[in-house]
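Each remark here refers to the structure printed beneath this line.
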Amino acid sequence: MRVFQRVVDEGGFAAAARAMDMSPAAVTRLFGDLEQHLGARLMHRTTRKLALTDAGESYLLRVRGILHEIDDAEAAVGCSTQDLQGTVRVLASPVLATYFFAPQIAKWRERYPKVVLEIAIDPFPQSRVDEFDVTLMAVDEGYDASVVARPLASTEWIVCASPAYLKRAGTPLKPQDLAHHDYLKFPWQQAGGASSRRLRLRPVQGAGEPVEVEMPVAVQSVSFDVLYRAALDGAGIAVLSRLLVAPHLASGELVHLLPDWLFGRLTVYAAVPSRKLIPARTRAFLAFLNEVSAAPVQRALAA
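In case it helps, this note's numbering puts the sequence shown at residues 737 to 1039.
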(Lines of atoms letter the chains of each structure in order from A and count residues from 1; the text may use other names and numbers.)
(Lines give C-alpha, C1' and ligand atoms only; values in the text may rest on other atoms or scores of the structure.)
Protein backbone atom coordinates (compact mmCIF):
# COMPACT_ATOMS: atom_id res chain seq x y z
CA MET A 1 0.00 0.00 0.00
CA ARG A 2 2.83 2.42 0.80
CA VAL A 3 4.52 1.57 -2.48
CA PHE A 4 1.29 2.19 -4.41
CA GLN A 5 0.81 5.56 -2.71
CA ARG A 6 4.41 6.59 -3.38
CA VAL A 7 4.26 5.57 -7.05
CA VAL A 8 1.25 7.86 -7.45
CA ASP A 9 2.82 10.73 -5.50
CA GLU A 10 6.17 10.52 -7.27
CA GLY A 11 4.65 10.00 -10.70
CA GLY A 12 6.47 6.80 -11.59
CA PHE A 13 8.07 3.55 -10.47
CA ALA A 14 11.68 4.68 -10.75
CA ALA A 15 11.03 7.87 -8.79
CA ALA A 16 9.16 5.92 -6.11
CA ALA A 17 12.05 3.47 -5.86
CA ARG A 18 14.51 6.33 -5.29
CA ALA A 19 12.27 7.98 -2.70
CA MET A 20 11.81 4.71 -0.78
CA ASP A 21 15.43 3.57 -1.19
CA MET A 22 14.31 0.40 -2.94
CA SER A 23 15.20 -1.20 -6.25
CA PRO A 24 12.88 -0.48 -9.20
CA ALA A 25 12.34 -4.21 -9.56
CA ALA A 26 11.13 -4.50 -5.95
CA VAL A 27 8.72 -1.58 -6.39
CA THR A 28 7.32 -3.08 -9.59
CA ARG A 29 6.93 -6.48 -7.97
CA LEU A 30 5.15 -5.14 -4.89
CA PHE A 31 2.84 -3.04 -7.05
CA GLY A 32 2.03 -6.08 -9.15
CA ASP A 33 1.44 -8.19 -6.03
CA LEU A 34 -1.05 -5.60 -4.77
CA GLU A 35 -2.99 -5.58 -8.06
CA GLN A 36 -3.04 -9.38 -8.07
CA HIS A 37 -4.25 -9.45 -4.46
CA LEU A 38 -7.04 -6.98 -5.24
CA GLY A 39 -7.93 -8.60 -8.53
CA ALA A 40 -8.06 -5.18 -10.18
CA ARG A 41 -5.80 -2.95 -12.26
CA LEU A 42 -4.90 0.22 -10.36
CA MET A 43 -3.07 2.04 -13.12
CA HIS A 44 -2.95 2.33 -16.87
CA ARG A 45 0.75 2.04 -17.65
CA THR A 46 2.31 3.22 -20.90
CA THR A 47 5.86 4.16 -21.86
CA ARG A 48 4.92 7.86 -21.57
CA LYS A 49 2.79 8.21 -18.46
CA LEU A 50 0.88 6.57 -15.63
CA ALA A 51 -2.82 7.18 -15.01
CA LEU A 52 -5.01 5.85 -12.23
CA THR A 53 -7.94 3.68 -13.18
CA ASP A 54 -11.32 4.33 -11.56
CA ALA A 55 -10.54 1.49 -9.14
CA GLY A 56 -7.13 3.01 -8.47
CA GLU A 57 -8.64 6.43 -7.70
CA SER A 58 -11.08 4.93 -5.24
CA TYR A 59 -8.46 2.69 -3.62
CA LEU A 60 -5.97 5.56 -3.25
CA LEU A 61 -8.41 7.64 -1.20
CA ARG A 62 -8.93 4.73 1.21
CA VAL A 63 -5.23 3.87 1.32
CA ARG A 64 -4.23 7.39 2.31
CA GLY A 65 -6.63 7.32 5.25
CA ILE A 66 -5.48 3.86 6.38
CA LEU A 67 -1.79 4.75 6.22
CA HIS A 68 -2.41 8.00 8.08
CA GLU A 69 -4.11 6.10 10.87
CA ILE A 70 -1.22 3.61 11.05
CA ASP A 71 1.32 6.42 11.22
CA ASP A 72 -0.74 8.21 13.83
CA ALA A 73 -0.97 5.08 15.96
CA GLU A 74 2.80 4.72 15.87
CA ALA A 75 3.35 8.39 16.65
CA ALA A 76 0.91 8.19 19.58
CA VAL A 77 3.33 5.87 21.39
CA GLY A 78 5.39 8.98 22.21
CA CYS A 79 3.86 11.35 24.76
CA SER A 80 5.72 14.56 23.92
CA THR A 81 4.85 16.74 20.95
CA GLN A 82 8.57 16.68 20.17
CA ASP A 83 8.09 12.99 19.39
CA LEU A 84 5.64 13.71 16.57
CA GLN A 85 7.01 12.41 13.31
CA GLY A 86 5.96 11.44 9.82
CA THR A 87 4.88 13.60 6.89
CA VAL A 88 2.20 16.25 6.49
CA ARG A 89 1.23 16.70 2.83
CA VAL A 90 0.13 20.27 2.18
CA LEU A 91 -1.48 21.76 -0.93
CA ALA A 92 -1.60 25.54 -1.31
CA SER A 93 -2.18 28.20 -3.88
CA PRO A 94 1.08 29.90 -4.93
CA VAL A 95 0.43 33.17 -3.11
CA LEU A 96 -0.50 31.42 0.16
CA ALA A 97 2.48 29.11 -0.05
CA THR A 98 4.91 31.97 -0.68
CA TYR A 99 3.59 34.79 1.48
CA PHE A 100 1.47 33.11 4.15
CA PHE A 101 3.17 29.82 4.94
CA ALA A 102 6.80 29.87 3.74
CA PRO A 103 7.80 32.56 6.30
CA GLN A 104 6.58 30.21 9.07
CA ILE A 105 8.43 27.05 8.02
CA ALA A 106 11.53 27.72 10.14
CA LYS A 107 9.32 28.24 13.19
CA TRP A 108 7.49 24.98 12.45
CA ARG A 109 10.77 23.08 12.06
CA GLU A 110 11.97 24.45 15.39
CA ARG A 111 8.88 23.14 17.12
CA TYR A 112 8.42 19.83 15.27
CA PRO A 113 11.82 18.81 13.87
CA LYS A 114 10.77 15.24 13.07
CA VAL A 115 7.71 16.13 10.98
CA VAL A 116 8.43 16.49 7.27
CA LEU A 117 6.35 18.90 5.19
CA GLU A 118 5.60 18.04 1.55
CA ILE A 119 4.21 21.18 -0.09
CA ALA A 120 2.45 21.02 -3.46
CA ILE A 121 1.27 24.06 -5.42
CA ASP A 122 -1.96 24.55 -7.38
CA PRO A 123 -3.55 27.89 -8.32
CA PHE A 124 -7.01 26.33 -7.85
CA PRO A 125 -6.66 23.82 -4.99
CA GLN A 126 -10.34 23.58 -3.98
CA SER A 127 -11.03 20.45 -6.02
CA ARG A 128 -8.08 18.48 -4.61
CA VAL A 129 -8.77 18.61 -0.86
CA ASP A 130 -9.17 14.82 -0.62
CA GLU A 131 -5.65 14.25 -1.97
CA PHE A 132 -3.78 16.03 0.85
CA ASP A 133 -3.62 16.22 4.63
CA VAL A 134 -4.20 20.00 4.64
CA THR A 135 -5.17 22.33 1.80
CA LEU A 136 -4.61 26.08 2.13
CA MET A 137 -6.98 28.01 -0.09
CA ALA A 138 -8.45 31.48 -0.37
CA VAL A 139 -12.07 31.48 -1.50
CA ASP A 140 -14.84 34.04 -1.91
CA GLU A 141 -17.28 34.74 0.89
CA GLY A 142 -20.22 32.40 0.78
CA TYR A 143 -18.04 29.45 -0.24
CA ASP A 144 -19.90 26.23 0.43
CA ALA A 145 -18.18 22.88 0.10
CA SER A 146 -18.49 19.39 1.53
CA VAL A 147 -15.09 19.57 3.24
CA VAL A 148 -13.98 20.27 6.78
CA ALA A 149 -12.49 23.77 6.60
CA ARG A 150 -11.10 25.99 9.35
CA PRO A 151 -11.06 29.75 8.65
CA LEU A 152 -7.65 31.34 9.29
CA ALA A 153 -7.94 34.91 8.04
CA SER A 154 -10.14 37.22 5.99
CA THR A 155 -9.16 39.91 3.53
CA GLU A 156 -10.39 41.85 0.50
CA TRP A 157 -9.42 41.97 -3.16
CA ILE A 158 -8.61 45.61 -3.94
CA VAL A 159 -7.46 47.50 -7.04
CA CYS A 160 -3.82 48.66 -6.88
CA ALA A 161 -1.14 50.33 -8.97
CA SER A 162 2.23 51.97 -8.40
CA PRO A 163 2.75 55.74 -8.25
CA ALA A 164 5.00 55.47 -11.33
CA TYR A 165 2.22 53.89 -13.39
CA LEU A 166 -0.36 56.44 -12.21
CA LYS A 167 2.00 59.31 -13.05
CA ARG A 168 2.30 57.92 -16.58
CA ALA A 169 -1.29 56.81 -17.20
CA GLY A 170 -3.37 58.91 -14.83
CA THR A 171 -5.37 57.98 -11.74
CA PRO A 172 -8.82 56.40 -12.24
CA LEU A 173 -11.44 58.19 -10.14
CA LYS A 174 -14.40 55.94 -10.93
CA PRO A 175 -14.68 52.30 -12.08
CA GLN A 176 -15.45 53.28 -15.69
CA ASP A 177 -12.04 55.02 -15.92
CA LEU A 178 -10.37 51.59 -15.72
CA ALA A 179 -11.35 50.96 -19.34
CA HIS A 180 -8.38 53.12 -20.35
CA HIS A 181 -5.80 51.35 -18.18
CA ASP A 182 -3.57 48.27 -18.54
CA TYR A 183 -4.91 45.23 -16.68
CA LEU A 184 -2.57 42.78 -14.93
CA LYS A 185 -5.05 39.92 -14.88
CA PHE A 186 -5.35 36.73 -12.91
CA PRO A 187 -7.53 34.20 -14.81
CA TRP A 188 -10.28 34.16 -12.21
CA GLN A 189 -12.54 31.14 -12.18
CA GLN A 190 -16.16 31.95 -13.01
CA ALA A 191 -17.09 31.82 -9.32
CA GLY A 192 -14.54 34.55 -8.68
CA GLY A 193 -16.73 37.23 -10.20
CA ALA A 194 -15.01 37.88 -13.52
CA SER A 195 -14.77 36.41 -16.95
CA SER A 196 -12.95 37.30 -20.16
CA ARG A 197 -11.52 40.82 -19.92
CA ARG A 198 -14.24 42.30 -17.74
CA LEU A 199 -13.48 43.39 -14.20
CA ARG A 200 -16.45 43.33 -11.84
CA LEU A 201 -16.35 45.70 -8.86
CA ARG A 202 -18.92 46.22 -6.15
CA PRO A 203 -19.44 49.00 -3.58
CA VAL A 204 -17.59 48.49 -0.31
CA GLN A 205 -20.69 49.24 1.75
CA GLY A 206 -22.86 46.85 -0.26
CA ALA A 207 -25.29 49.56 -1.32
CA GLY A 208 -25.66 49.95 -5.04
CA GLU A 209 -25.18 47.74 -8.06
CA PRO A 210 -21.89 46.12 -9.13
CA VAL A 211 -20.09 47.65 -12.10
CA GLU A 212 -18.37 45.69 -14.86
CA VAL A 213 -15.57 47.31 -16.85
CA GLU A 214 -13.80 45.88 -19.88
CA MET A 215 -10.08 46.49 -19.47
CA PRO A 216 -7.31 45.92 -22.02
CA VAL A 217 -5.22 43.01 -20.69
CA ALA A 218 -1.50 43.77 -20.63
CA VAL A 219 -0.38 40.66 -18.73
CA GLN A 220 -2.24 37.51 -17.69
CA SER A 221 -0.80 34.93 -15.32
CA VAL A 222 -1.91 32.33 -12.77
CA SER A 223 1.02 33.52 -10.62
CA PHE A 224 0.18 36.36 -8.27
CA ASP A 225 3.94 36.75 -7.79
CA VAL A 226 4.23 37.80 -11.42
CA LEU A 227 1.28 40.22 -11.23
CA TYR A 228 2.36 41.58 -7.84
CA ARG A 229 5.89 42.27 -9.07
CA ALA A 230 4.62 43.78 -12.30
CA ALA A 231 2.29 46.11 -10.40
CA LEU A 232 5.12 47.24 -8.11
CA ASP A 233 7.28 47.95 -11.16
CA GLY A 234 4.60 50.09 -12.82
CA ALA A 235 3.34 47.73 -15.52
CA GLY A 236 -0.35 48.31 -14.89
CA ILE A 237 -3.30 47.87 -12.53
CA ALA A 238 -3.86 44.64 -10.59
CA VAL A 239 -6.41 43.19 -8.19
CA LEU A 240 -4.50 42.05 -5.11
CA SER A 241 -5.13 40.93 -1.54
CA ARG A 242 -5.18 43.76 0.99
CA LEU A 243 -3.28 41.52 3.44
CA LEU A 244 -0.58 40.85 0.87
CA VAL A 245 -0.04 44.48 -0.17
CA ALA A 246 -0.48 46.14 3.24
CA PRO A 247 3.26 46.86 3.70
CA HIS A 248 3.51 48.38 0.22
CA LEU A 249 0.42 50.52 0.75
CA ALA A 250 1.93 51.78 4.00
CA SER A 251 5.27 52.59 2.33
CA GLY A 252 3.65 54.24 -0.69
CA GLU A 253 5.04 51.72 -3.20
CA LEU A 254 1.47 50.87 -4.16
CA VAL A 255 -1.69 52.98 -4.18
CA HIS A 256 -5.14 51.65 -3.28
CA LEU A 257 -7.36 52.82 -6.14
CA LEU A 258 -11.11 53.34 -5.98
CA PRO A 259 -11.30 52.79 -2.18
CA ASP A 260 -15.10 52.84 -2.27
CA TRP A 261 -15.06 49.73 -4.49
CA LEU A 262 -13.66 46.23 -4.18
CA PHE A 263 -13.41 43.11 -6.31
CA GLY A 264 -14.49 40.80 -3.51
CA ARG A 265 -13.94 39.51 -0.01
CA LEU A 266 -12.22 36.23 0.65
CA THR A 267 -11.38 33.93 3.51
CA VAL A 268 -8.24 31.82 3.88
CA TYR A 269 -9.13 28.29 4.92
CA ALA A 270 -7.20 25.25 6.05
CA ALA A 271 -9.23 22.33 4.72
CA VAL A 272 -8.84 18.64 5.52
CA PRO A 273 -10.45 15.57 3.95
CA SER A 274 -13.75 14.54 5.48
CA ARG A 275 -12.53 11.73 7.69
CA LYS A 276 -13.07 11.17 11.37
CA LEU A 277 -9.52 10.40 12.46
CA ILE A 278 -6.95 13.11 11.84
CA PRO A 279 -3.31 12.20 12.63
CA ALA A 280 -1.75 13.94 15.62
CA ARG A 281 0.87 15.63 13.42
CA THR A 282 -1.91 17.05 11.21
CA ARG A 283 -3.79 18.33 14.25
CA ALA A 284 -0.56 19.96 15.44
CA PHE A 285 -0.11 21.54 12.01
CA LEU A 286 -3.66 22.93 12.02
CA ALA A 287 -3.13 24.38 15.50
CA PHE A 288 0.12 25.94 14.31
CA LEU A 289 -1.58 27.54 11.29
CA ASN A 290 -4.28 28.95 13.53
CA GLU A 291 -1.64 30.44 15.80
CA VAL A 292 0.51 32.07 13.10
CA SER A 293 -2.39 33.30 10.97
CA ALA A 294 -3.18 36.04 13.49
CA ALA A 295 0.14 37.83 12.89
CA PRO A 296 -0.35 38.99 9.27
CA VAL A 297 -3.90 40.10 10.05
CA GLN A 298 -2.70 42.23 12.96
CA ARG A 299 0.07 43.76 10.83
CA ALA A 300 -2.41 44.61 8.06
CA LEU A 301 -4.80 46.24 10.53
CA ALA A 302 -1.95 48.25 12.04
CA ALA A 303 -0.93 49.42 8.55
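The beta carbon of each residue, even a glycine, is placed where N, CA and C say it ideally should be.
Under the three-state reduction of DSSP, which class applies to Y848: helix, strand or coil? Reading the sequence shown from its first residue, position 112 is the one you call residue 848. Three-state result, Y848: coil.
Between P830, A915, F922, which lies nearest to A974 when the distance is taken from Cα to Cα? Residue mapping note: residue 974 aligns to position 238 of the sequence shown, counting from 1. The residue with the shortest Cα to Cα distance from A974 is F922.
Rounded Cβ spacing between V1008 and A889 (contact assumed at less than 8 Å): As a first step, residue 1008 must be located in the sequence shown, where it is residue number 272. As a first step, residue 889 must be located in the sequence shown, where it is residue number 153. Not confirmed; about 17 Å, so no contact.
Close Cβ partners of L963 (< 8 Å) along its chain, the five nearest in sequence each way excluded: Translated into positions along the sequence shown, residue 963 becomes position 227. If we look at L963 and ignore the five residues flanking it on each side, its Cβ neighbours are L920, K921, F922, V955, S957, A974, L976.
Proximity below 8 Å, CB of L820 to CB of V851: Mapped onto the sequence shown, residue 820 falls at position 84. Mapped onto the sequence shown, residue 851 falls at position 115. For L820 and V851, yes; Cβs fall inside 8 Å.
Three-state secondary structure assigned by DSSP to A889: By one-based count along the sequence shown, residue 889 stands at place 153. Reduced to three states, the DSSP call for A889 is strand.
Once the 5 residues before and after G748 are set aside, which same chain residues still bring their CB inside 8 Å of it? Within the sequence shown, numbered from 1, the residue matching residue 748 stands at position 12. Within the same chain, G748 has close Cβ partners L786.
Option nearest A971 by Cα separation, candidates I841, R798, C896, V947: Working through the sequence shown from its first residue, we reach residue 971 at position 235. Selected option, being the one with the closest Cα: C896.
With 16 other CB atoms within 10 Å as the buried threshold, where does P908 fall? The residue labelled residue 908 in the question sits at position 172 within the sequence shown. With 16 or more Cβ atoms within 10 Å of its Cβ, P908 is classed as buried.
How big is the Cα-Cα spacing for A751 and F740? Indexing the sequence shown from 1 puts residue 751 at position 15. Indexing the sequence shown from 1 puts residue 740 at position 4. Rounded to the nearest angstrom, the two C-alpha atoms are 12 Å apart.
Under DSSP, the alpha helix (DSSP H) around M779 begins and ends at which residues? As a working mapping, residue 779 is identified with position 43 in the sequence shown. Element bounds for M779: not the alpha helix (DSSP H) but the beta strand (DSSP E), 779-781.
Taking all protein chains shown into account, do 16 or more other C-beta atoms lie within 10 angstroms of the C-beta of A761, making it buried, or fewer, making it exposed? Position 25 of the sequence shown, counting from 1, holds the residue named residue 761. The residue in question, A761, is exposed, as its Cβ has fewer than 16 Cβ neighbours within 10 Å.
Starting from the Cα of K700, find the closest Cα among I841, L796, Q840, D969 and give me that residue. Because the chain here runs from 737 to 1039, residue 700 falls outside it and cannot be looked at.
Output the distance between the C-alpha atoms of W893 and V763, rounded to the nearest integer angstrom. For the purposes of this step, residue 893 is taken as the residue at position 157 of the sequence shown. For the purposes of this step, residue 763 is taken as the residue at position 27 of the sequence shown. Looking at the two C-alpha atoms, the distance is approximately 47 Å.
What did DSSP end up calling H804 once you bin it into helix, strand or coil? Within the sequence shown, numbered from 1, the residue matching residue 804 stands at position 68. Note: H804 maps to helix in three-state DSSP.
Return the chain-ordered list of same chain residues with a C-beta closer than 6 Å to the C-beta of R754, the five sequence neighbours on each side being excluded. Start at 1 with the first residue of the sequence shown, and residue 754 comes out as number 18. There are no such residues.
Whole-number beta carbon distance between L937 and L1077, since they are thought to touch under 8 Å: Because the chain is modelled from 737 through 1039, residue 1077 falls outside the range shown and cannot be assessed.
Cα-Cα separation, R965 to A1006: By 1-based counting over the sequence shown, the position of residue 965 is 229. By 1-based counting over the sequence shown, the position of residue 1006 is 270. Between R965 and A1006, the C-alpha separation is close to 26 Å.
Less than 8 Å between the C-beta atoms of L853 and V831, yes or no? Indexing the sequence shown from 1 puts residue 853 at position 117. Indexing the sequence shown from 1 puts residue 831 at position 95. It is not a contact, given that the beta carbons lie outside the stated cut-off.
Over the uninterrupted beta strand (DSSP E) stretch that includes S898, give me the two end residues. The residue you call residue 898 lines up with position 162 of the sequence shown. Note, S898: premise wrong, no beta strand (DSSP E); not H, not E.
If you drop the 5 nearest sequence neighbours on each side, which residues of the same chain put their C-beta closer than 6 Å to that of S1029? For this step, residue 1029 is matched to residue 293 along the sequence shown. Counting only Cβ-Cβ distances below 6 Å, and skipping sequence neighbours, we find L888, A889.
Compare the Cα-Cα distances from A828 to each of L872, L797, D807 and report the closest residue. On the sequence shown, position 92 is the one that residue 828 refers to. Of the candidates L872, L797, D807, the one whose C-alpha sits nearest the C-alpha of A828 is L872.
Can you tell me whether A885 is buried or exposed, with buried defined as 16 or more other CB within 10 angstroms of its CB? Numbered from 1 along the sequence shown, position 149 holds the residue referred to as residue 885. Under this definition A885 is a buried residue.
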